[in-house]
Each structure stands twice: as structure tokens, then as C-alpha cells.
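Trainee: Let me give you the structure first, and then I'll get to my questions.
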Amino acid sequence: MKSAIALKNVTYFYPSSTTPALEGVSLEVREGEFVVIAGPSGGGKSTLVRVVLGLIPHIYGGRLHGEVLVGGVDVAAEGFRAIVNRVGVVIQNPENQVVNVVVEEELAFTLENLLYDAKEIGKRVDEAIKALEIEHLRKRLIHTLSSGELQKVVIASALALDSRILLLDEPLAHLDPHGARELISILHKLCRERGVTVVVVEHRLSELIRYADRVVVLNRRVLFDGSPALAIDKLLEVGAEVPPISRLFIELGKRPPPLQIDSKAVEALERVIVKCRSTCTNSLGNDNSSSSLHSPSPVIAVEDLWFKYPNGGVALSGINLNIFQGEFVAIVGANGAGKTTLIKHFNGLLKPWRGRVAVLGKDTRSSTVAELAKSVGVVLQNPLHQFFERTALREVLFTLNNFGCRNCVDRALEVLKAFGLEDLAESSPYELSVGEQRRLAIASVLAYEPPVIVLDEPTAGIDYSLKLELLKMLTRVAEKGKTVVIVSHDVEFLALAPITRVVIMASGRVVASGSPREVLYSTEVLRDSHLTPPQVVELVKLLNLEKAPRPLNSRELVEYLRRCCNGY
Amino acid sequence: MAIEKAFLKRFASALAYEETRCFYHSLDPRAKLLYLVASLAMASVGSITRLLAALGFAYALASPCPRALRKTLYVLTGLAPFIALTALFVVLFSVAFGGGSLSEVVLEQVKVFMRIAIVAVAVTAVALSTTPYEFVYAFVKMGFRYVYLYTLVIAVRFIPAVLNELSDIYDAQRSRGLELEKGGVLERFRRLNAIIVPAFVCSLLRARDLAEALELRGFGYSSKRTFYRALEFRRRDLLFTTLAILSALAVYVLIPLGVA
Numbered sequence: 000m001k002s003a004i005a006l007k008n009v010t011y012f013y014p015s016s017t018t019p020a021l022e023g024v025s026l027e028v029r030e031g032e033f034v035v036i037a038g039p040s041g042g043g044k045s046t047l048v049r050v051v052l053g054l055i056p057h058i059y060g061g062r063l064h065g066e067v068l069v070g071g072v073d074v075a076a077e078g079f080r081a082i083v084n085r086v087g088v089v090i091q092n093p094e095n096q097v098v099n100v101v102v103e104e105e106l107a108f109t110l111e112n113l114l115y116d117a118k119e120i121g122k123r124v125d126e127a128i129k130a131l132e133i134e135h136l137r138k139r140l141i142h143t144l145s146s147g148e149l150q151k152v153v154i155a156s157a158l159a160l161d162s163r164i165l166l167l168d169e170p171l172a173h174l175d176p177h178g179a180r181e182l183i184s185i186l187h188k189l190c191r192e193r194g195v196t197v198v199v200v201e202h203r204l205s206e207l208i209r210y211a212d213r214v215v216v217l218n219r220r221v222l223f224d225g226s227p228a229l230a231i232d233k234l235l236e237v238g239a240e241v242p243p244i245s246r247l248f249i250e251l252g253k254r255p256p257p258l259q260i261d262s263k264a265v266e267a268l269e270r271v272i273v274k275c276r277s278t279c280t281n282s283l284g285n286d287n288s289s290s291s292l293h294s295p296s297p298v299i300a301v302e303d304l305w306f307k308y309p310n311g312g313v314a315l316s317g318i319n320l321n322i323f324q325g326e327f328v329a330i331v332g333a334n335g336a337g338k339t340t341l342i343k344h345f346n347g348l349l350k351p352w353r354g355r356v357a358v359l360g361k362d363t364r365s366s367t368v369a370e371l372a373k374s375v376g377v378v379l380q381n382p383l384h385q386f387f388e389r390t391a392l393r394e395v396l397f398t399l400n401n402f403g404c405r406n407c408v409d410r411a412l413e414v415l416k417a418f419g420l421e422d423l424a425e426s427s428p429y430e431l432s433v434g435e436q437r438r439l440a441i442a443s444v445l446a447y448e449p450p451v452i453v454l455d456e457p458t459a460g461i462d463y464s465l466k467l468e469l470l471k472m473l474t475r476v477a478e479k480g481k482t483v484v485i486v487s488h489d490v491e492f493l494a495l496a497p498i499t500r501v502v503i504m505a506s507g508r509v510v511a512s513g514s515p516r517e518v519l520y521s522t523e524v525l526r527d528s529h530l531t532p533p534q535v536v537e538l539v540k541l542l543n544l545e546k547a548p549r550p551l552n553s554r555e556l557v558e559y560l561r562r563c564c565n566g567y
Numbered sequence: 000m001a002i003e004k005a006f007l008k009r010f011a012s013a014l015a016y017e018e019t020r021c022f023y024h025s026l027d028p029r030a031k032l033l034y035l036v037a038s039l040a041m042a043s044v045g046s047i048t049r050l051l052a053a054l055g056f057a058y059a060l061a062s063p064c065p066r067a068l069r070k071t072l073y074v075l076t077g078l079a080p081f082i083a084l085t086a087l088f089v090v091l092f093s094v095a096f097g098g099g100s101l102s103e104v105v106l107e108q109v110k111v112f113m114r115i116a117i118v119a120v121a122v123t124a125v126a127l128s129t130t131p132y133e134f135v136y137a138f139v140k141m142g143f144r145y146v147y148l149y150t151l152v153i154a155v156r157f158i159p160a161v162l163n164e165l166s167d168i169y170d171a172q173r174s175r176g177l178e179l180e181k182g183g184v185l186e187r188f189r190r191l192n193a194i195i196v197p198a199f200v201c202s203l204l205r206a207r208d209l210a211e212a213l214e215l216r217g218f219g220y221s222s223k224r225t226f227y228r229a230l231e232f233r234r235r236d237l238l239f240t241t242l243a244i245l246s247a248l249a250v251y252v253l254i255p256l257g258v259a
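Below, the structure written as C-alpha cells:
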């Protein structure tokens, strides 16, 4: 097979930086390969994408050493114009790369710029639409598309140009499990059936890795380049996400670890559970279900809540939900299920169209956001939407001042220390890493100690080690007796968290609510809600181990096997 | 605040393209531009009789697209409080300080409203049926350079995204206790930083992504570009344009002056 992309000993320094973003990177991707590039945040993955596209050094400047060949073209020397019809790119936020207002116009855009004639453009646009099965989107307005639909449009636009290489930078970051699976299967199909070379830079590897021909682990240097099965150890070493089934096998000391739940993996585990005692059903260490422990009056009471968007679309239909003090509640659902709309009612950002929301007994309709925010601290998804001060310390002080705390420098410093940010107190929020920004966003809300904290999709776009960091932080907050509400579709993360209740939402309704071991084992409800159950749950079901105390993650399953299965 | 929001919402609605197809969607954008010019010409007549005729012609020309009529009504009802307030203000000041007769001043304000109604229906009909891309194509055909015209496409494309982002930023800051409504003017301006700075940073990031995307998609490589759809000035366009021009001419030539 011919080489599609070849990097030879590439080292790159951003302008005025003395530390290389990439160091001695040599990498070859052959035509028709499906390659996944993983590694920690700040490890140079996005820089690598820019190098391959020729944006580095031609737009970003800096010093680039080594050779970069894309489809045989020396892109470092000749620039991005030389490869414009060879590479299609999907950036992390595809909304920012779409130029036109209507889908069909967008698909034709590059071809028009490159002076293809109208007949040829029409033919290619039709073919791309057919390949991606998006005929229904042809006349749609771009701003009405979901993230998944937008990604399909961007990919179709590259296909229309007949790009033989597709480069995707964290395409799964904002997709729900259903959308992620759909996108991965499209990429796999394009690779296998059309011979398109697919390179995906991604943190979320659980679903993706099984489709890869090769995995490259990058942390400024190439730490690993080889088959996915062999990559697991290296991925664990750098704190990257691996499929829970792989983690389970590693924890059980069984090698090579599988990448997905298949018959071989199930058979291997069946041999282990043969030795299990059927009477061993005592609960696992962390059974957090605490429905009987909470106080009689809820901190947040939602009664028959209905909400309509200004365009008349119904976003919430008859929601009834009580959240009690000290609970750790996960609100789970696919994109568009109404999760964010619901939590925006908790601090009065949105007011009910019908029904009632009460916070500590106070009706949200008769209270301002500032009044409600004293009781409910909401951290929205994008930390960049809240930073505006010169330093991290001032960010925390801003919130404290708003809630009447003057001269609270000591308090702010204390909060920064609790979040491991004390050394960065005088740094600009924009200079912080993604994980530090996320921590600062939460710290600046927790600083004034609201009894309830609500987090909207806190794991979106962050790597596995940052997720674990976040998990520790939330656990500490919950242990202090605060009520924590987390909105997410990241069920694998939720399976690790000390959650007391899971609420599943779909199409603006609550479709299930109960303890994690009850709800996350309702696999049909999850699938109907466009969610996927945690892998360990799927495995336990396949092994007919449901009488066991329903483990949610690999650690719990290993604990069960150790306790109940002699000499596994 | 609620009235301002309603006004902005309805004003934005008037300028929004809609997927639902009507007669105007099938017209050549050049025909629609000529219709717009004809409507502006009709709106600039001076007499009330001619304005009444112009109003009739403008709405008759828009009638093949019932959606445009409904939307115009929606926009005009949104604008009504502002038009009424302005008219009241003008009438009071003119009578008090200008020395004009009340009936004359009121008549002038009625004419202003009629002119707005004529322009509103034409703008709404054209905007709801024409994408910015089609405008670009029409102007390129007239000899303008596409590179500059695409600014319009990008502006229209990103206005909803930027407005959504502003709303998200406002929500994020209100969740941290920001109250823009409280305090003196200076204090309020200072607090606006909490909205402006994140909006500016996010827009810069968006602009960077967009600029890179344009470079990677061949935008501006050549001074010319092709268009995937052929722009044809067909019989129906000719017929419609003729009707629009004849309407304008009729207003100026055939309709008697009546009340000036």
C-alpha cells in the first residue's frame, strides 16, 4: 500500500516557545488505513493535525523541522494549497468550519472555489449525499442541524471533493453515545468500502478503538505505534481511556485484553465464573443508593413542568422530580433530550411555561436568578463562557463579590487551594490547560458554598485522566453533604461516580428514575433513550450474573469475582 | 426589556430565510431584487392615494406566498408599539413646537406607517425565499467580486451562532450572580465586561477556525468561482418583474395625485 501521510522526524516549536509541541515524530499512515491518534491533553495531537494540513508553519508560524508528506506532496514546503483536494478535515467544533446557510450550498462550496463546472458539482454533491444518506438534509438550514448531522455534512463535503484522506480532530467530543456510534460506523464504512484513509484524533476510545487498524499514542513524541490490542497497556500508562472490557481483563491479569465484548471475551469470563459461589450476592463496597436516608422536604421540587421554546417546540413535558439534600443525582439522556433545559429551571434561567419549580420551598417564578443562585450553583458546559477577569483569583473573587462577600481574598485562595490551583492564582484563566479551566469554573461557583451544585456535561471534550480528577473533586463535594446534580450522557463516567440516583430523560420527559444499579441495568430503557449501557453491565447480562450485586464498572466486577469466585 | 426582546425577535424573523418553499423560492434572485427596488420606489410616493394604491400592489405581488403575508403581519405587530410611540412623539412635538396643523401631522405619520408596511412585505418575501448565497450569485452575475460578497453569507451564517453564544454567556454569568440591571450606569457598563470579554474571546476562536476552514477549502484561490446552480432568468421571472415594474409605474403615472 502507498503512503497517504508520512512524517519524518518532525519537531515543531510554536512562535516564541522554547519547548517543542512535537519532538522527533515519525509516522506513516498508508492508504486505506484507519488510524486513531490518542494521548493526553496538551500532548500535541491538534498540533499534529495542523502540521499534516500544512497550517503549520504556513499560518501558525513557528519552527518546523523534518519532512511532512501528504499524498506524496511535501506540504511543509508547498503549503496547504497543494493538498486542498486530497484532505478533508473535521474540526472539534464543526459548526465553526461551515460557511454557508443551506446544506446543499455547503457541499458545493469547495468545488465551486476550485472552479469545477456546475454539472460535475451537481453529480458529486448527489453522490456524497447518497453515500452519507443525508438526502433529508439537502435543503436544511445549517443552524438547525444537530452536532451529528453537522459532522455528516462536513464529511459529505470532503467526499464531494473526492478527498482520499479524512482527518478528524476529536469528532466525538460533543456527541451522545448514539451519535458517536453512528459517526464511527460511517467512518468505518468509508474506510473499508471506499478505501478512504481515516485518521481520528480522539480521547473517547471505548467505542472507537475496535475499528482502528492502528493506534498511535502521542505525548509530544510517538510513545506507541501499533495494533489496538497492544496499545492498551500504553494507553493505561498515559492515563488515556480504554474500553472497560479491556481494563477488566487487565485487572484480572488476562492477556491479551479484548477491545470489545465478543464471544471470545464472554467465553473467557465464563470459565472464571464457573468457580463462583451461587450464594455470593452480598452488596459491593460502594452501594450509594440512599433513597431512604434523605430529608422529607426536597431541595428542588419539580411539579408537572412544561417548557416551550420561543418557536413553539415543546422542550419539557410534564416533568416531576424531587431532589433531596445530600443526593448525588445524574440526569442522563441523549442530545436534545431536554437535560440542559431542565437544569436551567433550577436557578431560574428559564421559567416554567406550565407547572412549578421550587428551590428550598421558593417558587422560581417569583425569584430572580441571583436569588436562586445563592442556593443552586450551576456550572454550564463551556468554561470559556464565564472567564473574563485577568487572573484566576479574580475570577473566584468576582463570584464571591456578587454574593456579598467583600475582602474575601483569603476565602478565594482557600478555594483555589482545594482545587489544586493555588500556584495559578495570578495566571490568566486563558493560559490554563483544559482541565485547569474546568476546575476553575467549578471552583468559582463552589466558592460561595451553594448547598446545591449542578454541572452540565462536565466531561465533554476532556481526557480520561481529567475525568478521574473531576470524579475525585465531585466525590469530595458530595462527601461534604452538598447536593450534586450532574448532567451527562457519558454513562461510563457515571458508572464510576458515587451517584445515588439516575434520572433518564428522553424527548423532554423523565422515562426512568432510580438507583444506578436499577436504572443502568434497564438496558432496554437506555437503548430506547438513545443511550448505551456501561460495558460492564452488558457483560454481566451476557454472563447471566444479574443475581450478583450488579457491578457497574470493572473495579466492582473484579471485586465481586475476587470475593466470590475461588481462584479465578 | 420584554418589548425590546420581542422587537429584536420579530425584526430578526423578518430577515430569516425559511426552508418551507413558496412561489418566491422559484424566482431568480435578480427578479426579486428588481421587485425590491420597485417596492422601494412605490413606498417613496408622496400622496396618500398613491400610497394606498402602492400598498395594494405590494401586497398583491406578495400574495402568491401566503407565508410572506403572515410573516409581515407578525413583524408589523412587533414593530407597532415602536411605530406608535414614535408617531405620538412626533405629533406632540410638531404640534407643540412646529406649529403645523394636527391633521397634517397625523396624516404624515399614517404615510410613514404605510411606507413601512410596503417595504416590510417586500423585504420579508425576498428574505424568506433567498439565501445569502443566491444574493452573492446574483451580484456576481452583475460583475461584483465574490470574495467581498461572501462577507454577507458569513455574517448571516454566524448571526444565530453568535446570538446563541451571547445568550449562553449571559446565562453562565447570571448563574454566578451577575445582575446587569442593578447599580449606576458606570457600574453597569463595568459589569458588561463579564459578557463582552468572553463573547470577544469566543468570537476570535470561531474566526480562527473559520479562517482556517476557508483557506483549506480553496476560498479566494482564484478571482473567479463557479456556481453549482444555473441562474436563469426565465419567463416567470420576466413576468413577475414586469408586473412589479408596471405596478410602480402605475402608482406614479396612472393613479391621480388625490390628497397630497
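Chains A and B, in that order, are what the protein sequence lines are. In this text, residue positions in the first sequence follow numbering that gives the first Met the number 0: the first is 0, and each later residue adds one. In this text, residue positions in the second sequence follow numbering that gives the first Met the number 0: the first is 0, and each later residue adds one. We treat Cβ as the ideally placed atom computed from N, Cα and C, and that holds for glycine.
Can at least three beta-carbon pairs, one atom from the stretch 121 to 135 of chain A and one from the stretch 54 to 67 of chain A, be found at a separation below 8 Å?
Mentor: No, the stretch 121 to 135 of chain A is not in contact with the stretch 54 to 67 of chain A.
Trainee: Check each candidate in Thr482(A), Lys416(A), Thr340(A), Pro351(A) and name the one with the smallest Cα separation from Asp261(B).
Mentor: One cannot answer for residue 261(B) here, as it falls past the ends of chain B, which runs 0 to 259.
Trainee: With DSSP collapsed to three states, give me the class of Lys274(A).
Mentor: Sequence index remark: in the first sequence, residue 274(A) carries index 275 (1-based). If DSSP states are grouped into helix, strand and coil, Lys274(A) belongs with coil.
Trainee: Between the Cα of Thr398(A) and those of Ala40(B), Thr76(B), Ser174(B), spot the shortest distance and give me the residue it belongs to.
Mentor: For the purposes of this step, residue 398(A) is taken as the residue at position 399 of the first sequence. Of Ala40(B), Thr76(B), Ser174(B), the residue nearest in Cα terms is Ser174(B).
Trainee: Taking 7 Å as the threshold (beta carbon to beta carbon), is Leu383(A) in contact with chain B?
Mentor: Position 384 of the first sequence, counted from the first residue, corresponds to residue 383(A). Yes - at least one Cβ of chain B is within 7 Å of the one on Leu383(A).
Trainee: According to DSSP, Trp305(A) sits in a beta bridge with which residue or residues?
Mentor: For this step, residue 305(A) is matched to residue 306 along the first sequence. Answer is Arg353(A).
Trainee: Helix, strand or coil: how does DSSP classify Ser289(A) here?
Mentor: Indexing the first sequence from 1 puts residue 289(A) at position 290. Residue placement at Ser289(A) is poorly supported in this model, since its pLDDT is 49, which falls under 50; the coordinates still yield a value, given next. Looking at Ser289(A) - three-state DSSP - the assignment turns out to be coil, as it is neither helix nor strand.
Trainee: Within the 7 Å Cβ cut-off, does Leu148(B) reach chain A?
Mentor: Locating residue 148(B) in the second sequence gives position 149, where the first residue counts as 1. So, not an interface residue.
Trainee: Per the DSSP calculation, Gly21(A) is bridged to which residue(s)?
Mentor: The residue labelled residue 21(A) in the question sits at position 22 within the first sequence. Contrary to the premise, residue 21(A) reads as Leu rather than Gly in this sequence. In DSSP, Leu21(A) forms a bridge with Tyr11(A).
Trainee: Can you tell me which residues form a DSSP beta bridge with Asn321(A)?
Mentor: Sequence index remark: in the first sequence, residue 321(A) carries index 322 (1-based). Bridge partners of Asn321(A): Ala300(A).
Trainee: Identify the continuous alpha helix (DSSP H) that holds Ser166(B) and give its terminal residues.
Mentor: Here residue 166(B) is taken as the residue at index 167 of the second sequence, counted from 1. Element bounds for Ser166(B): 145 to 173.
Trainee: Do you know offhand how far Leu84(B)'s Cα is from Arg224(B)'s?
Mentor: Within the second sequence, numbered from 1, the residue matching residue 84(B) stands at position 85. Within the second sequence, numbered from 1, the residue matching residue 224(B) stands at position 225. Using only the alpha carbons, I get a separation of about 48 Å.
Trainee: Going by the beta-carbon positions, is the gap between Lys44(A) and Leu217(A) smaller than 7 Å?
Mentor: Position 45 of the first sequence, counted from the first residue, corresponds to residue 44(A). Position 218 of the first sequence, counted from the first residue, corresponds to residue 217(A). Taking 7 Å as the Cβ cut-off, Lys44(A) and Leu217(A) qualify as a contacting pair.
Trainee: The alpha helix (DSSP H) with Arg500(A) in it runs from where to where?
Mentor: Within the first sequence, numbered from 1, the residue matching residue 500(A) stands at position 501. From DSSP, Arg500(A) is part of no alpha helix (DSSP H) but of the beta strand (DSSP E) over 500 to 505.
Trainee: Rank Glu435(A), Ser365(A), Asp409(A) by C-alpha distance to the C-alpha of Phe418(A) and give the top, closest one.
Mentor: Taking the first sequence and counting its residues from 1, one reaches residue 418(A) at position 419. Of Glu435(A), Ser365(A), Asp409(A), the residue nearest in Cα terms is Glu435(A).
Trainee: Could you name the residues of the same chain whose beta carbon sits closer than 6 Å to that of Leu349(A), not counting the 5 residues immediately before and after it, in chain order?
Mentor: As a first step, residue 349(A) is located in the first sequence; it is residue number 350 there, counting from the start. Contacts found: Lys343.
Trainee: Output needed for Leu47(A): all residues of its chain with C-beta closer than 6 Å, excluding positions within five of it in sequence on either side, in chain order.
Mentor: What you label residue 47(A) is simply residue 48 of the first sequence in a count that begins at 1. Cβ within range, chain order: n/a, list empty.
Trainee: Using the beta-carbon of each residue, which ones in chain B are nearer than 8 Å to Thr398(A)?
Mentor: Position 399 of the first sequence holds residue 398(A). Ordered by position in chain B, the residues that pass the 8 Å Cβ test against Thr398(A) are Arg175, Gly176.
Trainee: Below 8 Å on the Cβ atoms is my guess for Ser512(A) versus Val502(A); work out the distance and round it to an integer in Å.
Mentor: Translated into positions along the first sequence, residue 512(A) becomes position 513. Translated into positions along the first sequence, residue 502(A) becomes position 503. Indeed, because the Cβ distance is near 5 Å, the residues count as touching under 8 Å.
Trainee: Considering just the uninterrupted stretch of the beta strand (DSSP E) at Phe223(A), what are its terminal residues?
Mentor: Counting from 1 along the first sequence, the entry for residue 223(A) is found at position 224. Taken as a continuous stretch (DSSP letters only), the beta strand (DSSP E) holding Phe223(A) covers 220 to 225.
Trainee: Cutting at 6 Å between CB atoms, please list the residues of its own chain near Asp212(A), excluding the five before and the five after it.
Mentor: Translated into the one-based positions of the first sequence, residue 212(A) becomes position 213. Excluding sequence neighbours, Asp212(A) sits near Glu32, Phe33.
Trainee: Report buried or exposed for Ser166(B), applying the criterion of at least 16 other Cβ atoms within 10 angstroms of its Cβ.
Mentor: As a working note, residue 166(B) is residue 167 in the second sequence. Classification of Ser166(B): exposed, given that the 10 Å Cβ count is below 16.
Trainee: Excluding sequence positions up to five away, which residues of its chain have a Cβ less than 7 Å from the Cβ of Ser578(A)?
Mentor: Past the edges of chain A, shown from 0 to 567, lies residue 578(A), and the structure says nothing about it.
Trainee: Whose C-beta lies closer than 6 Å to the C-beta of Thr241(B) among residues of the same chain, with five residues either side of it excluded?
Mentor: Taking the first residue of the second sequence as position 1, residue 241(B) is located at position 242. Taken in chain order, the list of residues that qualify is empty.
Trainee: Is it right to say Gly178(A) is buried, meaning 16 or more other beta carbons lie within 10 angstroms of its own, or is it exposed?
Mentor: Indexing the first sequence from 1 puts residue 178(A) at position 179. When all chains shown are included, Gly178(A) counts as buried.
Trainee: Would you say Thr240(B) faces chain A, with C-beta separation under 7 Å as the test?
Mentor: Residue 240(B) sits at position 241 when you count from the first residue of the second sequence. Not one chain A Cβ lies under 7 Å of Thr240(B).
Trainee: Please report the straight-line C-alpha distance between Ile388(A) and Ser366(A), rounded to a whole angstrom.
Mentor: Within the first sequence, numbered from 1, the residue matching residue 388(A) stands at position 389. Within the first sequence, numbered from 1, the residue matching residue 366(A) stands at position 367. Per the sequence presented here, residue 388(A) reads as Glu, with Ile not at that position. Near 28 Å, if we compare the C-alpha coordinates of Ser366(A) and Glu388(A).
Trainee: Hey, would you say Pro519(A) sits closer than 7 Å to Val539(A), going by beta carbons?
Mentor: Residue mapping note: residue 519(A) aligns to position 520 of the first sequence, counting from 1. Residue mapping note: residue 539(A) aligns to position 540 of the first sequence, counting from 1. The identity of residue 519(A) in the sequence shown is Leu, whereas the question assumes Pro. Cβ atoms of Leu519(A) and Val539(A): not closer than 7 Å.
Trainee: Counting only beta-carbon separations shorter than 7 Å, does Glu18(B) have a partner in chain A?
Mentor: As a first step, residue 18(B) must be located in the second sequence, where it is residue number 19. It does; some Cβ of chain A falls within 7 Å.
Trainee: Contact criterion: CB-CB distance below 7 Å. Does Asn95(A) meet it with respect to chain B?
Mentor: Counted from its first residue, the first sequence places residue 95(A) at position 96. Yes - at least one Cβ of chain B is within 7 Å of the one on Asn95(A).
Trainee: Please tell me whether Ala159(A) and Ala127(A) are closer than 7 Å, where the distance is taken between their beta carbons.
Mentor: One-based indexing of the first sequence puts residue 159(A) at position 160. One-based indexing of the first sequence puts residue 127(A) at position 128. Closer than 7 Å, so yes.
Trainee: Is DSSP giving His142(A) helix, strand or coil here?
Mentor: Taking the first sequence and counting its residues from 1, one reaches residue 142(A) at position 143. His142(A) falls in the helix class under three-state DSSP.
Trainee: So, is the C-beta of Val155(B) closer than 7 Å to a C-beta in chain A?
Mentor: Position 156 of the second sequence, counting from 1, holds the residue named residue 155(B). Yes, contact with chain A.
Trainee: Give, in chain order, every unbroken run of the alpha helix (DSSP H) that is at least 4 residues long and sits entirely within the stretch 436 to 491 of chain A.
Mentor: With a minimum length of 4 residues, the continuous alpha helix (DSSP H) runs that stay inside the stretch 436 to 491 of chain A are 463 to 478.
Trainee: Ser246(B): buried (16+ other C-beta within 10 angstroms of its C-beta) or exposed?
Mentor: Here residue 246(B) refers to the residue found at position 247 when the second sequence is read from its first residue. It is buried - the Cβ of Ser246(B) has at least 16 other Cβ atoms within 10 Å.
Trainee: On the three-state DSSP scale, how would you describe Ala3(A)?
Mentor: Your numbering for residue 3(A) matches position 4 in the first sequence. Strand.
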